[in-house]
Amino acid sequence: MSQTLQYTPCLDVRFFLNLNLTRIVYRSLTRFEMDASIAWSVLFLFILIPNVLLLSIICFKRSLWTYSSVLVGSLCCANLIYNFFYVLPIKILIIRNSIHPVINIYCQLSSIVIQFAFVCCMNFHICSISLEKFIAITSPFWYNQISVYKSALFIIILMVCWILPIFVAFIPIIIGWWRICPYFCLISETIENRKLSLQAWHIFWSFLMFLLPTFITMVLYFRIYLVAKDHATRIQAANRNSSGHSSGHSSYINLKATKAVAIIIGVYLILQTPYNVYQVLTVVDKSIVKPAGRYNLGEWLFYLASWHSVASPIIYGFFNKNLRDSVVAIVCRCKAMRFGTLTNSSVLT
Numbered sequence: 003m004s005q006t007l008q009y010t011p012c013l014d015v016r017f018f019l020n021l022n023l024t025r026i027v028y029r030s031l032t033r034f035e036m037d038a039s040i041a042w043s044v045l046f047l048f049i050l051i052p053n054v055l056l057l058s059i060i061c062f063k064r065s066l067w068t069y070s071s072v073l074v075g076s077l078c079c080a081n082l083i084y085n086f087f088y089v090l091p092i093k094i095l096i097i098r099n100s101i102h103p104v105i106n107i108y109c110q111l112s113s114i115v116i117q118f119a120f121v122c123c124m125n126f127h128i129c130s131i132s133l134e135k136f137i138a139i140t141s142p143f144w145y146n147q148i149s150v151y152k153s154a155l156f157i158i159i160l161m162v163c164w165i166l167p168i169f170v171a172f173i174p175i176i177i178g179w180w181r182i183c184p185y186f187c188l189i190s191e192t193i194e195n196r197k198l199s200l201q202a203w204h205i206f207w208s209f210l211m212f213l214l215p216t217f218i219t220m221v222l223y224f225r226i227y228l229v230a231k232d233h234a235t236r237i238q239a240a241n242r243n244s245s246g247h248s249s250g251h252s253s254y255i256n257l258k259a260t261k262a263v264a265i266i267i268g269v270y271l272i273l274q275t276p277y278n279v280y281q282v283l284t285v286v287d288k289s290i291v292k293p294a295g296r297y298n299l300g301e302w303l304f305y306l307a308s309w310h311s312v313a314s315p316i317i318y319g320f321f322n323k324n325l326r327d328s329v330v331a332i333v334c335r336c337k338a339m340r341f342g343t344l345t346n347s348s349v350l351t
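Numbering (our numbering), first residue to last: 3 to 351.
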């Protein structure tokens, strides 16, 4: 079937270089691309620092090798891979056309496979963390038991988070909608039903990458909030029966659960929603945004969405008590060592 399909022609860098048309092959960067590269460089550092810190703490402290911490550590790995394999080469170094096929293939895969796969992978991790918290709060006895079935469940969850997005990202190439061109950074597309296939893929992309994980995450966190509220009500009723007055501890539990759900869901929606809504609208009707500003707006909205790779390790590290205590202990230890160094230096002087 793929042999009968007609594709848009594959361009060749060597052809343009033989004609001395270097401007077509190696065009200079625009002012917007240079400004965007600087902005992405800042984001690269902000993604790097919290994810490396949190991942290092999880790896080197054996007491943190729990299911919850492993999922957060896997999310940090996804953020770092996205940072080094997409943000650095595509947004900062801005790799473009080359005479080397490997660079051209990577350039094409970056926008159609790598971006989708790792953004989807990160969102699946967020969904899996909410699932883990839901299991922990609704089935605490089963969750706290050492069980082969529980270990197998979490291995399956991790495999789904990593393997499914990567496999789905290659589907348009597998079914023949797109074809890789080795000598130019421009993918070849099928001519027949080209517009319809692009619309279908981008809508499916937004559904799998954003809508589905968002829906599952919101449902699970809402259920977690209801269970936490029910626990707080029971504690309040027990305290009232035993002491004759209600305790403020249950109100604190209720407030803490509400705050946690509001921050996790709120930050996720604020950063991710604008770009994904924009993607669907521009694919369905490109006349919504003027062609001159379409690329700029899409770039900055995707830049905003990528800040979730900075927010996620901070949020999940803060709301995970073991991780939070470990970070606080390291900070206190560093302060103590610095204070001791300053004290020793003052004594010597």
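Here a beta-carbon is modelled for each residue, glycine too, at the ideal position from N, C-alpha and C. Only a predicted model underlies this, so the values are computations on that prediction, with no experimental measurement involved.
Would you check if the distance between the CB atom of residue i and the CB atom of residue j is smaller than 8 Å?
| i | j | result |
| --- | --- | --- |
| Cys163 | Pro315 | no |
| Thr219 | Ser132 | yes |
| Val263 | Ile237 | no |
| Ser190 | Arg196 | no |
| Pro167 | Trp203 | no |
| Phe186 | Val115 | no |
| Gly319 | Val329 | yes |
| Arg16 | Ile101 | yes |
| Thr192 | Gln8 | yes |
| Tyr280 | Leu306 | no |
| Val286 | Gln201 | yes |
| Leu222 | Phe156 | no |
| Leu19 | Val27 | yes |
| Ser130 | Ile159 | yes |
Rounding to the nearest angstrom, what Cα-Cα distance links residue i and residue j in this structure?
| i | j | result |
| --- | --- | --- |
| Cys109 | Leu95 | 11 Å |
| Val74 | Ser289 | 41 Å |
| Asn146 | Ala138 | 8 Å |
| Lys93 | Trp42 | 6 Å |
| Pro352 | Ala331 | The requested residue 352 is not part of the displayed model; the chain covers only 3 to 351. |
| Phe206 | Trp179 | 14 Å |
| Leu210 | Arg335 | 43 Å |
| Leu66 | Met161 | 21 Å |
| Leu134 | Leu271 | It is Glu, not Leu, that sits at residue 134 in the sequence shown. Near 20 Å, if we compare the C-alpha coordinates of Leu271 and Glu134. |
| Phe46 | Phe120 | 15 Å |
| Ile60 | Ser71 | 7 Å |
| Ile107 | Pro184 | 6 Å |
| Tyr277 | Leu198 | 21 Å |
| Ser4 | Arg33 | With a pLDDT of only 43 at Ser4, under the threshold of 50, the placement of this residue in the model should not be trusted; the figure read from the coordinates follows. Looking at the two C-alpha atoms, the distance is approximately 41 Å. |
| Ser112 | Trp144 | 42 Å |
| Phe217 | Lys337 | 42 Å |
| Tyr297 | Ala154 | 44 Å |
| Pro215 | Phe224 | 14 Å |
| His233 | Phe321 | 19 Å |
With 16 as the cutoff for other CB atoms within 10 Å, does residue i come out buried or exposed?
| i | result |
| --- | --- |
| Glu35 | exposed |
| Phe2 | Nothing about residue 2 can be read from this structure; the chain reaches only from 3 to 351. |
| Pro1 | Since the first residue of the chain shown is 3 and the last is 351, residue 1 is not available in this structure. |
| Gln274 | buried |
| Lys323 | exposed |
| Val333 | exposed |
| Thr6 | exposed |
| Ile266 | buried |
| Thr235 | exposed |
| Pro11 | exposed |
| Ala80 | buried |
| Tyr151 | exposed |
| Thr351 | Because the pLDDT at Thr351 is just 48, under 50, the model does not fix this residue reliably, and the value given afterwards should be weighed accordingly. So Thr351 counts as exposed. |
| Ser308 | buried |
| Met339 | exposed |
| Ser76 | buried |
| Val349 | Caution is warranted here: a pLDDT of 44 is assigned to Val349, below 50, making its placement in the model unreliable, and no coordinate value can be reported. |
Comparing the CB of residue i with every heavy atom of the ligand ZN, is any distance shorter than 7 Å?
| i | result |
| --- | --- |
| Met339 | This structure does not include the ligand ZN; it has no bound ligands of any sort. |
Taking DSSP's pairing of strands, which residues face residue i in a bridge?
| i | result |
| --- | --- |
| Trp180 | Glu191 |
| Asp9 | In the sequence under discussion, the amino acid at residue 9 is Tyr, which differs from the Asp named in the question. Tyr9 is bridged to Thr192. |
Rank the options by C-alpha distance to the C-alpha of residue i and give the top, closest one.
| i | options | result |
| --- | --- | --- |
| Ile83 | Val54, Ile40, Lys337 | Val54 |
| Val269 | Lys261, His310, Val282, Val229 | His310 |
| Leu50 | Asn85, Phe18, Ser30 | Asn85 |
| Thr284 | Ser208, Val221, Arg242, Ala239 | Ser208 |
| Pro91 | Val72, Thr68, Gln117 | Gln117 |
| Leu13 | Leu198, Ala154, Asn99 | Asn99 |
| Ala230 | Leu57, Ile176, Lys261 | Lys261 |
| Phe169 | Leu188, Asp232, Trp144, Cys122 | Cys122 |
| Lys63 | Lys337, Ala338, Asp327 | Asp327 |
| Leu213 | Arg33, Val282, Met339 | Val282 |
| Arg29 | Ser39, Ala240, Ile97, Leu299 | Ile97 |
| Ser149 | Leu188, Tyr69, Glu194, Arg242 | Tyr69 |
| Ala38 | Ser308, Leu325, Glu301, Met339 | Glu301 |
| Leu56 | Leu325, Ala338, Lys337, Met339 | Leu325 |
| Ile165 | Ile40, Met124, Leu188, Glu194 | Met124 |
| Arg188 | Ile317, His233, Pro103 | Here residue 188 turns out to be Leu, not Arg, going by the sequence shown. Taking only the C-alpha atoms, the option nearest Leu188 is Pro103. |
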